[in-house]
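> Structure incoming, see below.
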Ligand code: GRF
């Protein structure tokens with residue numbers, strides 16, 4: 033049950049524990065405050081008392097959980113949660129979910145009770161293919177005022193990720209080999225878009241050293257295997273899964289790591305595993321790997337950015 037909740041809310045185990053605690057304490061606080069208030073009004077227990085009590089706790093509950101969520105560090109989760117309920121009840125306009133403009137993000141961030149947010153971090157997603165990870169990342173951050181998926185960078189004019197960019201109203205930058213590897217690596221454009229972090233999601237070109245230096249410790253990649261196995265030049269897509277199956281490995285998985293000068297080599301941040309069955313085809317394994325990526329990469333990015341922002345004040 034807990035695993036299902038983790039998946040549904042896209043949170044890790046610790047966050048789930050904090051959320052459940054917030055629900056529990058917020059709920060008890062609401063009940064206590066409701067009873068105290070009715071006692072204060074000197075009301076006798078009756079049908080009217082019960083009706084008033086229900087009305088009171090309905091009004092007090094959102095405020096109580098929001099209050100409790102602050103020390104538990106879960107304010108953002110509960111604001112989103114309450115908005116969702118509000119939308120379902122028709123109290124919050126549906127179009128509140130549409131992609132936020134930069135102005136709206138800035139306003140939201142400035143008005144956010146948690147001063148931790150400040151200026152939203154701007155992410156460039158580098159991708160060369162279909163972009164299913166890019167889509168999950170975009171979806172994950174849609175209502176997060178602290179993070180703005182500000183740019184899609186792509187080297188392949190036929191890549192599906194470009195359609196995702198235009199559908200989601202996110203600017204795309206189609207890059208050329210010459211300028212990327214022998215020019216300024218599009219540094220000027222990345223600065224113009226005020227990019228703070230770079231997230232690779234199926235990007236097939238090596239990142240030039242100049243860019244790694246400019247964005248030191250701010251570029252991460254996801255690889256569809258358990259590095260250091262099955263990494264390096266030419267190891268991408270189904271080639272990775274074919275190699276895993278050919279070697280008879282019983283498990284594979286995903287690796288999120290920092291990007292350094294060597295392909296698939298930088299410090300590992302996260303690994304998640306899945307089983308490889310003897311009947312698995314490369315396509316079947318790819319499906320399992322994609323599911324793991326979609327589940328973990330956006331959440332990891334959120335935690336990583338939060339940590340980076342805390343480190344840099
Ligand atoms: C993913 O499996 C990722 O690990 C690898 O490239 C694939 C991209 O898939 N680096 P998608 O384009 O996000 O669907």
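In the working numbering, the protein residues as written are 33 to 345. Backbone N, C-alpha and C fix where the C-beta goes; we use that ideal spot for every residue, glycine too. A quick note: this is a predicted structure, and the numbers were derived from the prediction, not measured.
#1: Would you grab the beta carbon distance between residue 154 and residue 228 for me? Rounded to a whole angstrom, and I think it's under 8 Å.
#2: Counting only beta-carbon atoms, is residue 275 nearer than 7 Å to chain C?
#3: From the DSSP output, in three-state form, read off residue 235 for me.
#4: Just to confirm, does residue 234 get its C-beta within under 6 Å of one of the non-hydrogen atoms of ligand 1?
#5: Using the three-state DSSP reduction, which class does residue 316 fall into: helix, strand or coil?
#6: Taking 6 Å as the cut-off, is the beta-carbon of residue 204 closer than that to any non-hydrogen atom of ligand 1?
#7: For the alpha helix (DSSP H) containing residue 85, list its first residue and its last residue.
#8: If you compare alpha carbons, which of 343, 299, 344, 289 is closest to residue 325?
#9: Would you list the one or two residues that DSSP bridges to residue 185?
#10: Excluding five sequence neighbours on each side, which residues of the same chain lie with their C-beta closer than 8 Å to the C-beta of residue 240?
#11: Using beta-carbon positions only, say whether residue 160 and residue 236 come within less than 7 Å of one another.
#12: Give me the Cα-Cα distance between residue 207 and residue 250, rounded to the nearest whole angstrom.
#13: Mapping DSSP to helix, strand and coil, what is residue 50?
#14: Quick one, are the C-beta atoms of residue 124 and residue 110 less than 7 Å apart?
#15: Quick check on residue 179: buried or exposed, where buried means 16 or more other Cβ atoms within 10 Å of its Cβ?
#16: Go ahead and label residue 129 buried or exposed: buried means 16 or more other beta carbons lie within 10 angstroms of its beta carbon, across all protein chains shown.
#17: Please give me, in chain order, every unbroken run of the alpha helix (DSSP H) with length at least 4 that falls completely inside the segment 219-290.
#18: Find out if the Cβ-Cβ distance for the pair residue 41, residue 62 is shorter than 7 Å.
#19: Can you check which of these residues, 252, 321, 267, is closest to residue 334 by C-alpha distance?
#20: Are residue 231 and residue 185 close, meaning C-beta to C-beta below 7 Å?
#21: Are the Cβ atoms of residue 257 and residue 166 separated by less than 7 Å?
#22: Can you round the beta-carbon distance between residue 295 and residue 264 to whole angstroms, since I take them to be within the 8 Å contact cut?
#23: Taking 8 Å as the limit between beta carbons, can you name the residues of its chain near residue 70, skipping five residues before and five after?
#24: I want to check one thing, is the minimum distance from the CB of residue 256 to the heavy atoms of ligand 1 below 6 Å?
#25: Taking residue 210 as the reference, give the member of 52, 191, 187 with the closest Cα.
#26: Using three-state DSSP, classify residue 304 as helix, strand or coil.
#27: To the nearest angstrom, how far is the alpha carbon of residue 338 from that of residue 182?
#28: Taking 6 Å as the limit between beta carbons, can you name the residues of its chain near residue 275, skipping five residues before and five after?
#29: Assuming contact is defined by CB atoms lying nearer than 7 Å, are residue 205 and residue 224 in contact in what I supplied?
#30: Under three-state DSSP, which class holds residue 143?
#31: Quick check on the DSSP output: the alpha helix (DSSP H) that includes residue 172 runs from which residue to which?
Once the coordinates are examined:
#1: By one-based count along the chain shown, residue 154 stands at place 122. By one-based count along the chain shown, residue 228 stands at place 196. Taking the Cβ atoms as the reference, residue 154 lies roughly 5 Å from residue 228, within the contact range of under 8 Å.
#2: No chain C appears in this structure, which consists of one protein chain only.
#3: Translated into the one-based positions of the chain shown, residue 235 becomes position 203. Correct three-state label for residue 235: coil.
#4: Position 202 of the chain shown, counting from 1, holds the residue named residue 234. It does: the Cβ of residue 234 is within 6 Å (strictly closer) of some heavy atom of ligand 1.
#5: Working through the chain shown from its first residue, we reach residue 316 at position 284. Residue state, collapsed to three classes: helix.
#6: Along the chain shown, one-based indexing puts residue 204 at 172. No.
#7: In the chain shown, residue 85 corresponds to position 53, counting from 1. Residue 85 -> alpha helix (DSSP H) spans 79-101.
#8: Along the chain shown, read from residue 1 onward, the residue named residue 325 stands at position 293. Comparing Cα-Cα distances from residue 325 to each of 343, 299, 344, 289, the minimum goes to 289.
#9: Taking the first residue of the chain shown as 1, we reach residue 185 at position 153. In the DSSP assignment, residue 185 is bridged to 158, 205.
#10: Position 208 of the chain shown holds residue 240. Here the set comprises 212, 213, 217.
#11: In the chain shown, counting from the first residue as 1, residue 160 sits at position 128. In the chain shown, counting from the first residue as 1, residue 236 sits at position 204. For residue 160 and residue 236, yes; Cβs fall inside 7 Å.
#12: Here residue 207 is taken as the residue at index 175 of the chain shown, counted from 1. Here residue 250 is taken as the residue at index 218 of the chain shown, counted from 1. Cα to Cα, the separation comes out at about 20 Å.
#13: One-based indexing of the chain shown puts residue 50 at position 18. Note: residue 50 maps to helix in three-state DSSP.
#14: As a position in the chain shown, residue 124 is number 92, starting the count at 1. As a position in the chain shown, residue 110 is number 78, starting the count at 1. Not closer than 7 Å, so no.
#15: On the chain shown, position 147 is the one that residue 179 refers to. Buried, since its Cβ has 16 or more Cβ neighbours within 10 Å.
#16: Translated into positions along the chain shown, residue 129 becomes position 97. The pLDDT assigned to residue 129 is 37, lower than 50, so where the model puts this residue is not dependable; a value taken from the coordinates is nonetheless given after this. Residue 129 comes out exposed.
#17: Complete alpha helix (DSSP H) runs here, min 4: 219-224, 241-246, 269-278.
#18: For this step, residue 41 is matched to residue 9 along the chain shown. For this step, residue 62 is matched to residue 30 along the chain shown. No. Outside cutoff.
#19: Position 302 of the chain shown, counted from the start, is the residue given in the question as residue 334. With distances taken between Cα atoms, residue 334 lies closest to 252.
#20: Numbered from 1 along the chain shown, position 199 holds the residue referred to as residue 231. Numbered from 1 along the chain shown, position 153 holds the residue referred to as residue 185. In this structure, residue 185 does not lie closer than 7 Å to residue 231 by Cβ.
#21: Your numbering for residue 257 matches position 225 in the chain shown. Your numbering for residue 166 matches position 134 in the chain shown. Contact: no.
#22: Taking the chain shown and counting its residues from 1, one reaches residue 295 at position 263. Taking the chain shown and counting its residues from 1, one reaches residue 264 at position 232. Residue 295 to residue 264, Cβ: 5 Å. Contact.
#23: Start at 1 with the first residue of the chain shown, and residue 70 comes out as number 38. Cβ within range, chain order: 81, 84, 85, 88.
#24: As a first step, residue 256 is located in the chain shown; it is residue number 224 there, counting from the start. Checking the Cβ of residue 256 against ligand 1 gives yes.
#25: Residue 210 sits at position 178 when you count from the first residue of the chain shown. Nearest option by C-alpha distance: 187.
#26: Within the chain shown, numbered from 1, the residue matching residue 304 stands at position 272. Correct three-state label for residue 304: strand.
#27: Locating residue 338 in the chain shown gives position 306, counting from the first residue. Locating residue 182 in the chain shown gives position 150, counting from the first residue. So the alpha carbons of these two residues sit roughly 17 Å apart.
#28: The residue you call residue 275 lines up with position 243 of the chain shown. The answer, listed in chain order, is 262.
#29: Numbered from 1 along the chain shown, position 173 holds the residue referred to as residue 205. Numbered from 1 along the chain shown, position 192 holds the residue referred to as residue 224. No, these two residues do not count as a Cβ contact at 7 Å.
#30: Counted from its first residue, the chain shown places residue 143 at position 111. Interpretation of residue 143 is limited by its pLDDT of 40, a score under 50 that renders its predicted location unreliable; the figure taken from the coordinates is listed afterwards. Residue state, collapsed to three classes: helix.
#31: Your numbering for residue 172 matches position 140 in the chain shown. 164-173 is the extent of the alpha helix (DSSP H) around residue 172.
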